[in-house]
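Residue numbering for the sequence shown follows numbering that gives the first Met the number 0, starting at 0 and increasing by one per position.
Quick reminder that beta carbons are idealized off the backbone N, C-alpha and C, glycines included.
All values reported here derive from a predicted model rather than from experimental measurement.
Reviewing the structure listed below.
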Amino acid sequence: MNKRLVGKEKEELAAEFLGRHGITVLEKNYRCRIGEVDIIAREGDTLCFIEVKYRSSLSFGYPEENVDLRKQKKISRTALFYIGALHYDGKVRFDVISILPDRIKLIRNAFSYI
């Protein structure tokens, strides 16, 4: 299976996981001229921008370790564009969903706005 199909499959898995944990998915693969965010969701009164990372093994480290500073900046700028378009002024959080073959983990507040 190619990387794009695997990524889409894992993002669907992440969306289902969020739903089972009471988190409402608002957007999947949100794209704008600034960048993209895998999932935008709401948990209570908090808007969540979520990056999904998958690794088939730990050979190259944990999936969440791949959300580097450059990626965090891109997600932050995309989130700012999204909330600006909605005129949203509530709570915002940046999360990562880390997926390995034998587990899925939500890391709330994985990073701050950069």
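Closest Cα partner of residue i within the set the options
{"i": "E117", "options": "S55, L68, C47 and G43", "result": "Any property of residue 117 remains undetermined from this structure, which presents the chain solely from 0 to 113."}
{"i": "Y112", "options": "I103, R69 and V51", "result": "R69"}
{"i": "V24", "options": "P62, R32 and E10", "result": "E10"}
{"i": "R3", "options": "R19, H20 and K52", "result": "K52"}
{"i": "G21", "options": "F59, L105 and I82", "result": "L105"}
{"i": "A109", "options": "R54, S58 and D94", "result": "D94"}
{"i": "R107", "options": "Y87, I82, I49 and I39", "result": "I49"}
{"i": "D37", "options": "L85, R102, D44 and V66", "result": "V66"}
{"i": "N28", "options": "G18, E8 and E42", "result": "E8"}
{"i": "A40", "options": "N1, F16, I103 and R102", "result": "F16"}
{"i": "E63", "options": "G18, A84, R102 and A78", "result": "R102"}
Beta bridge counterpart(s) of residue i as assigned by DSSP
{"i": "K9", "result": "In DSSP, K9 forms no bridge with anything."}
{"i": "F16", "result": "Paired residue(s): none; F16 is not in a bridge."}
{"i": "F48", "result": "I39 and F93"}
Contact set for residue i: own chain, Cβ-Cβ below 8 Å, skip 5 residues either direction
{"i": "V5", "result": "Y53"}
{"i": "F45", "result": "Sequence check: residue 45 is Thr here, not Phe. Correct list, in chain order: G89, K90, V91 and R92."}
{"i": "T77", "result": "Y29, C31, I33, G34, E35, V36 and F48"}
Residues near residue i in its chain [Cβ-Cβ closer than 7 Å; skip 5 each side]
{"i": "S55", "result": "P100"}
Contact set for residue i: own chain, Cβ-Cβ below 6 Å, skip 5 residues either direction
{"i": "I134", "result": "There is simply no residue 134 to check, as the chain begins at 0 and stops at 113 in what is shown."}
Is the segment 33-40 touching the segment 65-84 in the sense that three or more CB pairs, one from each, lie closer than 8 Å?
-> At 8 Å Cβ cutoff, the stretches touch.
Is the segment 10-22 in contact with the segment 92-107, if contact means three or more CB pairs nearer than 8 Å?
-> The segment 10-22, when compared against the segment 92-107, does touch it at the 8 Å Cβ threshold.
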